[in-house]
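J.: Sequence lines, in order, name chains A and B.
Last residue of the first sequence: 707 (my numbering), numbering continuous.
Last residue of the second sequence: 100 (my numbering), numbering continuous.
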Amino acid sequence: MTPTGYFLSHLWLIPLFPLATAALMLFFGKRLPNTGVSVLCVGSVGLSFVHAAGAVLQLLTADPEHRVAQQIMFEWLTPGPMQMTGGHAIRFVADWGFLLDPLSCVMVLVVTGVGFLIHVYSIGYMGHESGYYRFFGYMNLFMFAMLTLVLANNMLLMFVGWEGVGLCSYLLIGFYFLKKSASDAGKKAFIVNRIGDAGFILGILLTAVTLGTIRFTDQGLPDSSGYSGILQSLKSAVESGALGSGSHVLTAIALLLFVGAMGKSAQIPLYVWLPDAMEGPTPVSALIHAATMVTAGVYMVVRMNAIYQLAPFALDVVAVIGAITAIFAASMALVQNDIKKILAYSTISQLGYMFLALGVGAFAAGIFHLMTHAFFKALLFLGAGSVIHAMSGEQDIRKMGGLWDKIPNTAKTFGVATLAIAGIFPFAGFFSKDEILGSSFDRYRSLWFVGFITAGLTAFYMARLFFLTFFGYCRADEHTEKHIHESPRAMIVPLMILAGLSLIGGWIGWPSALGGENRFERFLEPVLTGVLAETGAVKIVHHALAKEIFLMLGSLAVAFVGIWLAYELYSSCRIAPELVAKKWPRLYQLLLHKYYVDEIYDAAIVDRTKDLGTGLGWLDANVIDGLGVNGAGWLARFGSTLSMWWDKWIIDGLLNFSAKMMQLLSYPVRLLQTGMFSSYAMLILVGLVVLLAYYGHHVQVLLRSVR
Amino acid sequence: MLPIENYLFLSLALFIIGVIGVVTRRNVIVVLMSIELILNAVNINLAAFSRLYGDVAGQVFALFIIADAAAEAAVALGIIIAFFRNRETVLEDEMDLLKW
């Protein structure tokens, strides 16, 4: 039975609320008072959350296999003919439609829920900033794009949201655009993401020509809708034998899509933009660069899990990249001193965990970790924001310390988040991380070991951050120290709610080994079945109880070792950190400079691009301008010189020559013309005499005849 | 009645005096007066021959020439006055505007 209800038939309202207020802010925000901006923007996200929660509750009333609601608003790209790889033409269509299934349920609740809390927090955090309306306008625009991304019912609409969140990320990283480093970081994020997006769009096109559709599924639609979904097309292609597990084209699609995920979710080698993205305001780091946007890649891979399940090679690539990213980023976090940078590397590392989970086929575990990570990482960032707020903008943990008594609420919630990310029982991180480690243990022992070490590193760097910030004596200067104060209530309440979620958020996935039912994975199971029963991902695996308990104890132990080491180094100071650094100077320098990856990219790509520009500039200046433009100019001048010479000497010369000749010929005639009429009279007289002399005879004859 | 030769000699003398005046004098007014002398020499000739042959046509011609001479003198004097206003001279060797 298809579920129905007000909220399910009004799915389109969920992204519309933030869009409306975003438009309002960007067009009229300047004239609104700050209170109005807060009420409108936070209220719209709250409304979205209410609608999302209502829709999820109504969906839950249905049987597990019918929990799909799909709604097509209109045909966005109208049907057009398209040639498929098989040679026959199909009618390609993309609609503007929304899909709510268990997977998007999780995402939409995380996005609106955590998003709402962060919006509330922002009221306190951004209260003194100029551009308040601009900040909330961008944040709401981001919410719209992110909700479009998670609710889209086809790949192209998802790509619209995907690009939208990228744009908002750019705008918000560069929120303090007068700061050079901030605007540079925004550009870096945007450009690095372009590389991934190119892969994503190629993946979409390849899917379209291979399967003939980009709609995820046609479940939840009336039968007459006419176009099948990816899931159904894939199923029929597999049944007819056209495609199968390990088909090259499916592997290509999966890898191309994963390139997109690498860009958005900051995986090696495209992770470099995320640490720089910390230039943005802290709520932005919490919302976009920890809880929601960076997990879009994970969501996308899980959304396309049917294809990934038929591409084992691509899955292995995902797992290896994820594991390497996890341990590399964690090792870089060990020695950082900027509180937000540590959290940024931690985010990259945790995203690597999620991809490790996806790569070993534990899609549900990846999404589970995505959710718990959204809770505790948002909490960590917001807590860090609260600390920075208290320290008058200081971000260097070497200049903090002893804050436990001064800002107790922040400190306690931060402590909860630290325990959660370190994976201590019974905090949220424990359950999700344990799921991932358990699944990878079954698939690849080596990857499990990498994850296991990463868990220890995570516990270590988080404990180091916690001890340096909140314990010991205060290393800030006097002026700053005097100003340390607890944050306003608008900031503390979201922290407390998130702390609660970080504690109990993992309990819905309580593993069967500890007497639970793992409801979370059962909830997600319908969307993860795939098309082949035998490859059908890793089903919820039931290990031998002893092995599972052993794995849990192992990860708990390594977490405690990490925390204990950090305690010895940074709190009790029984071991001096400087001595450790001196013992392995090379390793320390390598970590401190983040493996020189930025420098390598600069040298290998950025500088080469600049060289190319310089070369092209030289080409322009010398070849195009020199030969082309100046050559043409020279030629024109030469031609005109020639024609001028011709004009002057031949045309004018002929004219002058004829005039000279006239002058010469007229010389004797001119002598007669004296201008004096007495001489003319003389000439007349002479003429008369000559005439008379000549005709005198005739005159005589005439006279004689008269007589 | 005097023989025709007397009239012709008078006419010839007047004509020669007029031609010499036209050719030699610089003052344009004197030149104009000399031209009148030439014209009158012609008139005497015409009148003499008219009397000799008893044909009145010669005298009619003389009357036409007198009228013509009056008109010519009026025009010429007008030109001379206009010229004098411009150049303040009536000497013909200074009248060389037509010369190239």
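Backbone N, C-alpha and C define an ideal beta-carbon position, used for all residues, glycine too.
1) Going by other Cβ atoms of all chains shown within 10 Å of its Cβ, with 16 needed for buried, is Asp96/B buried or exposed?
2) Hey, could you find the ends of the beta strand (DSSP E) Gly80/A is sitting in?
3) Can you name the residues that DSSP bridges to Asp338/A?
4) Assuming Gln232/A and Leu351/A make a contact with CB atoms under 8 Å, what is their CB distance in whole Å?
5) Residues of chain E with a CB under 7 Å from the CB of Glu92/B: which are they?
6) With 8 Å as the C-beta to C-beta threshold (strictly closer), list the residues of the stretch 680-697 of chain A near chain B in chain order.
7) With distances taken between CB atoms, is the gap from Leu32/B to Leu14/B smaller than 8 Å?
8) Taking only the alpha-carbon atoms, compute the straight-line gap between Met462/A and Tyr125/A and give it to the nearest angstrom.
9) Helix, strand or coil, according to DSSP, for Ala94/A in the structure here?
10) Given a threshold of 16 other Cβ atoms within 10 Å of its Cβ, counted over all protein chains shown, does Tyr596/A qualify as buried or as exposed?
11) Taking Asp95/A as the reference, which of Met107/A, Ala152/A and Leu109/A has the closest Cα?
12) Measuring CB to CB, does Ile230/A end up less than 8 Å from Thr213/A?
13) Taking the straight line between their C-alpha atoms, what separation do you get for Ser247/A and Lys180/A?
14) How close, in whole Å, do the beta carbons of Ala357/A and Ser439/A come, if the pair is a contact with beta carbons under 8 Å?
15) Pull up the DSSP beta-bridge partners for Arg215/A, would you.
16) Do the CB positions of Val558/A and Ala499/A come within less than 8 Å of each other?
17) Closest by CA to Val337/A, which one among Thr469/A, Thr347/A, Leu370/A and Gly385/A?
18) Between which two residues does the alpha helix (DSSP H) holding Leu12/B run?
19) Are the beta-carbon atoms belonging to Phe98/A and Leu26/A less than 8 Å from one another?
20) Which whole-angstrom value describes the C-beta separation of Leu234/A and Leu257/A, a residue pair presumed to lie in contact below a C-beta threshold of 8 Å?
21) Note the first and the last residue of the continuous alpha helix (DSSP H) segment covering Asp316/A.
22) Using a Cβ cut-off of 7 Å, pull out every chain A residue sitting near Val22/B, in sequence order please.
23) For a contact defined as C-beta to C-beta under 7 Å, what are the partners of Val19/B on chain A?
24) Between Ile348/A and the rest of its own chain, which residues show a CB-CB distance below 7 Å, the 5 nearest in sequence each way excluded?
25) Distance, Cα to Cα, His698/A vs Tyr53/B?
26) Return the CA-CA distance between Thr61/A and Pro3/A, expressed in angstroms with no decimal places.
27) Which of the three DSSP states, helix, strand or coil, is assigned to Asn40/B?
28) Can you check which of these residues, Leu685/A, Ser48/A and Ser122/A, is closest to Thr21/A by C-alpha distance?
29) Which value, in whole angstroms, describes the spacing of the CA atoms of Trp162/A and Glu75/A?
30) Near Asn518/A, what residues of its chain come up, given a Cβ to Cβ distance below 7 Å and the 5 sequence neighbours on each side ignored?
31) Counting pairs of Cβ atoms below 8 Å between the stretch 371-379 of chain A and the stretch 283-291 of chain A, do you hit three or more?
32) Taking one C-beta from the stretch 382-396 of chain A and one from the stretch 299-307 of chain A each time, how about it: are there three or more such pairs within less than 8 Å?
33) Does DSSP put Ala537/A in a helix, in a strand, or in coil?
34) Helix, strand or coil for Ala390/A per DSSP?
T.: Well, looking at it:
1) When all chains shown are included, Asp96/B counts as exposed.
2) Counting along the chain, the beta strand (DSSP E) containing Gly80/A begins and ends at Ala69 to Gln83.
3) Answer is Asp396/A.
4) Contact doesn't hold; Cβ gap of about 31 Å is too wide.
5) The structure shown contains no chain E; its protein chains are A and B.
6) For the stretch 680-697 of chain A, which is checked against every Cβ of chain B, the residues closer than 8 Å are Ala681, Met682 and Leu685.
7) Cβ atoms of Leu32/B and Leu14/B: not closer than 8 Å.
8) Their backbone Cα atoms lie some 23 Å apart in a straight line.
9) Per DSSP, reduced to three states, the secondary structure at Ala94/A is strand.
10) It counts as exposed.
11) Nearest to Asp95/A by alpha-carbon distance, out of Met107/A, Ala152/A and Leu109/A, is Ala152/A.
12) Going by beta carbons, Ile230/A and Thr213/A fall inside the 8 Å limit.
13) In a straight line, the C-alpha of Ser247/A is about 48 Å away from that of Lys180/A.
14) Sure, about 6 Å apart at Cβ, within 8 Å.
15) Looking at the DSSP assignment, Arg215/A forms a beta bridge with Asn154/A.
16) In this structure, Ala499/A does not lie closer than 8 Å to Val558/A by Cβ.
17) Correcting the residue type first, residue 337/A is Asn in the shown sequence and not Val. For Asn337/A, the closest alpha carbon among the candidates Thr469/A, Thr347/A, Leu370/A and Gly385/A is that of Thr469/A.
18) In the DSSP assignment, Leu12/B falls within the unbroken alpha helix (DSSP H) covering Ile4 to Thr24.
19) No.
20) Taking the Cβ atoms as the reference, Leu234/A lies roughly 14 Å from Leu257/A, outside the contact range of under 8 Å.
21) Taken as a continuous stretch (DSSP letters only), the alpha helix (DSSP H) holding Asp316/A covers Pro312 to Ala333.
22) Correct list: Ala681.
23) Simply Leu685.
24) Here Ile348/A has Ala266, Tyr271, Leu274, Thr325 and Ala329 as same chain residues with Cβ atoms under 7 Å from its own Cβ, once five neighbours each way along the sequence are excluded.
25) Those two C-alpha atoms are separated by around 21 Å.
26) Our two residues, Thr61/A and Pro3/A, have alpha carbons roughly 7 Å apart in a direct line.
27) The answer is helix: DSSP assigns Asn40/B an H, G or I state.
28) For Thr21/A, the nearest C-alpha among the options comes from Ser48/A.
29) Approximately 20 Å between the Cα atoms of the pair.
30) Taking C-beta separations shorter than 7 Å and ignoring five residues to either side along the sequence, the partners of Asn518/A in its chain run Gly509, Trp510, Pro511, Ser512 and Ile540, following chain order.
31) They touch, by the three-pair rule.
32) Output reads no: the stretch 299-307 of chain A does not touch the stretch 382-396 of chain A.
33) Reliability fails at Ala537/A, whose pLDDT of 47 lies under 50, so the model's placement of it is uncertain and no value is given.
34) DSSP, read as helix, strand or coil, puts Ala390/A in helix.
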